[in-house]
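Colleague:
In this note's numbering, the protein residues as written are 390 to 498.
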């Protein structure tokens with residue numbers, strides 16, 4: 390089994406999304422996330438959290454790349470990750486996407 394970091398991308402950050410949502414929309418979103426987490430609990434290492442771009446360190450441009458949250462899951466393959474993400478509530482929102490990054494085991498770490 391391998392671990393995979395799921396980076397959630399969206400045009401709008403979570404704080405803006407919540408500020409523009411009704412209480413009913415917020416409740417429905419929370420329920421959709423709970424339902425997904427329950428369905429894939431066997432693979433869920435860490436549900437994760439929403440993220441907000443804060444600062445930039447090092448060379449390159451300080452662009453916000455749209456990353457707005459993360460989760461960590463465990464799966465046997467990238468194909469299994471695709472199956473786990475079927476019906477994910479983040480992907481139900483037009484324009485949203487996910488990046489799937491596989492952890493690389495490093496000896497001695």
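Built from N, CA and C at the ideal position, the CB exists for glycine as well.
From a predicted model like this one, the values you see are computed outputs, not experimental measurements.
With a cut-off of 8 Å, do at least 3 Cβ pairs link the region 405 to 424 to the region 443 to 451?
Modeller: When Cβ pairs closer than 8 Å are counted between the two stretches, the region 405 to 424 is seen not to touch the region 443 to 451, the count staying below three.
Colleague: Where residue 404 and residue 439 are concerned, what is the direct C-alpha to C-alpha distance, given to the nearest angstrom?
Modeller: Taking the first residue of the chain shown as 1, we reach residue 404 at position 15. Taking the first residue of the chain shown as 1, we reach residue 439 at position 50. Approximately 9 Å, taken between the alpha carbons.
Colleague: Could you pull the start and end residues of the beta strand (DSSP E) that residue 438 belongs to?
Modeller: Here residue 438 refers to the residue found at position 49 of the chain shown. Where residue 438 is concerned, the enclosing beta strand (DSSP E) stretches over 433 to 439.
Colleague: State the Cα-Cα distance for the pair residue 415 and residue 406, rounded to the nearest angstrom.
Modeller: Against the chain shown, residue 415 aligns to sequence position 26. Against the chain shown, residue 406 aligns to sequence position 17. Cα-Cα distance, rounded: 9 Å.
Colleague: Within 7 Å of any Cβ in chain B, is that where the Cβ of residue 478 sits?
Modeller: Protein chain content of the structure displayed is limited to a single chain, and chain B is not contained in it.
Colleague: Roughly how many whole angstroms lie between the Cα atoms of residue 393 and residue 489?
Modeller: Walking along the chain shown from the start, residue 393 turns up at place 4. Walking along the chain shown from the start, residue 489 turns up at place 100. Using only the alpha carbons, I get a separation of about 6 Å.
Colleague: Between the alpha carbons of residue 410 and residue 486, how many angstroms are there, rounded?
Modeller: Numbered from its first residue, the chain shown carries residue 410 at position 21. Numbered from its first residue, the chain shown carries residue 486 at position 97. As the crow flies, the alpha-carbon of residue 410 is around 20 Å from that of residue 486.
Colleague: When the Cα of residue 417 is compared with those of 443, 428, 462 and 478, which residue comes out closest?
Modeller: Counting from 1 along the chain shown, the entry for residue 417 is found at position 28. Ranking 443, 428, 462 and 478 by Cα distance to residue 417 puts 478 first.
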